[in-house]
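Quick note: the sequence shown uses the numbering used here, first residue 4, plus one each step. First the structure, in the form of structure tokens, and then the observations on it.
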Amino acid sequence: MSFEAFGQPLLTFPDADKSPLSIRAKALVFVDPRSRQLRQELEQLAPRSISVLIRGETGSGKELLARHIHRASDRGGLFVSVNCGAISPTYADAELFGYAAGSFSGSASSRAGWFGSANGGTLYLDEIGDLPLPIQTKLLAALENHEVTRVGAHQPSPVDVRLVAATSIDLAQAVAAGKFHERLYHYLSEGQLELPALRERVGDILSLAEYFLGIYSQRLDLPVPLISEAAQHLLEAHSWPGNTRELENVIHFALLVSTGDEILPEHLNLPEVPASLVQIERQAAQLVKNGTAAELSALKSLLESLSQTL
């Protein structure tokens, strides 16, 4: 499946309707300058065999970035995604590294575990900071030695797995607090990607909004409305604390409550921001990014003008 918004290509997966991924996890745009820079960094890392640590806020699209790394690499194996927070502390060894037949009551056959399932491919560990410390130690050993020992097995099994991990916390602070394995952190730090929050890549917002609008319109068999100019300004001005996840929900809601052929600000259920404040925010963001004298002068003039009207 492919889709374009505002003339910009969206990264999507084939056979999207059959995919277990959410709508949000099927599209990633590289329109904003920060996103384009991220894509360059990603494409440099993807062909290499090193592990990668993706840092970003919850809901910002870290798993999709990991999938893109896998697809841009030359690895022919599976992409295996694991939420570390959902791993059972009791059976973490067996879930990650597998187990031999007869290791547990009723286990007549062996299992490869998540690590073995990713052999030849990529293992994605979401929120790796949630892994218990003893498992972190075994994970590091498996990565360094390229082998795992299944629970109940007497001999290790060779594996070829590339690890892509993600975190929404500062793992360096977790290391300092004794909650994360220091050597594993340094192992992961060889390849790092910082995924900016949606509010920091404003250029991506409208493309993603158009994508969600098109997909939900198709699913609900509804005409695809336009996003009015006023609604576009409101979308770009919102801080998006919930990132892409929040944007998807807002667009879904707007489609269901709109009655005409346009999405209007009142359909978005977002707090409206005065136009002057939006203008200040945009110019301030540009100033922080580029730091030019011209931008500083323009921002100063805007502040003086605003102060006279208040």
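Glycine residues also receive a C-beta, built at the ideal position from the N, C-alpha and C atoms.
Endpoints, alpha helix (DSSP H) assigned at residue i
i	result
residue 192	No alpha helix (DSSP H) contains residue 192, which DSSP labels as neither H nor E.
residue 258	246-260
residue 225	Where residue 225 is concerned, there is no enclosing alpha helix (DSSP H), given that its DSSP letter is neither H nor E.
residue 1	Residue coverage of the chain in this structure runs from 4 to 313, which leaves residue 1 outside it and unanswerable.
residue 156	It is not in any alpha helix (DSSP H) - residue 156 carries neither H nor E in the DSSP assignment.
residue 205	Counting along the chain, residue 205 falls outside any alpha helix (DSSP H), and DSSP gives it neither H nor E.
Other residues of its chain near residue i: CB distance less than 6 Å, five sequence neighbours each side excluded
i	result
residue 197	58
residue 42	33
Residues near residue i by beta carbon distance below 7 Å, same chain, minus five either side
i	result
residue 192	56
residue 275	237 and 268
residue 28	Note that residue 28 scores 45 on pLDDT, short of 50, meaning its location in the model is unreliable; the coordinates nonetheless yield the value given after this. Once the five neighbours on either side are set aside, the close Cβ partners of residue 28 are 66 and 67.
residue 247	27, 62, 63, 64, 201 and 211
Neighbourhood of residue i by C-beta distance below 8 Å, restricted to the same chain and skipping five residues each side
i	result
residue 136	182, 183 and 184
residue 9	Since pLDDT at residue 9 reaches only 39, below the 50 mark, its modelled position is unreliable, and the value read off the structure follows with that caveat. For residue 9, where only same-chain residues beyond five positions count, the Cβ hits under 8 Å are 34, 209, 210 and 213.
residue 273	237, 238, 241 and 253
residue 261	228, 267 and 270
Bridge partners - residue i, DSSP secondary structure assignment
i	result
residue 161	150
residue 230	266
residue 178	Partner(s): none; residue 178 has no beta bridge.
residue 166	126
Enclosing beta strand (DSSP E) for residue i [first to last residue]
i	result
residue 82	82-86
residue 126	125-129
Anticipated Cβ contact below 8 Å, residue i with residue j, distance rounded
i	j	result
residue 78	residue 119	So it is not a contact: roughly 15 Å between Cβ atoms.
residue 3	residue 85	The structure shown does not extend to residue 3, since the chain is modelled only from 4 through 313, so no value can be given for it.
residue 100	residue 153	6 Å
residue 245	residue 132	That belief does not hold up - the Cβ atoms of residue 245 and residue 132 are roughly 20 Å apart, past 8 Å.
residue 31	residue 71	7 Å
Quiz item: Quick one: complete beta strand (DSSP E) runs, 3+ long, within the region 25-105?
Solution: 55-58 and 82-86
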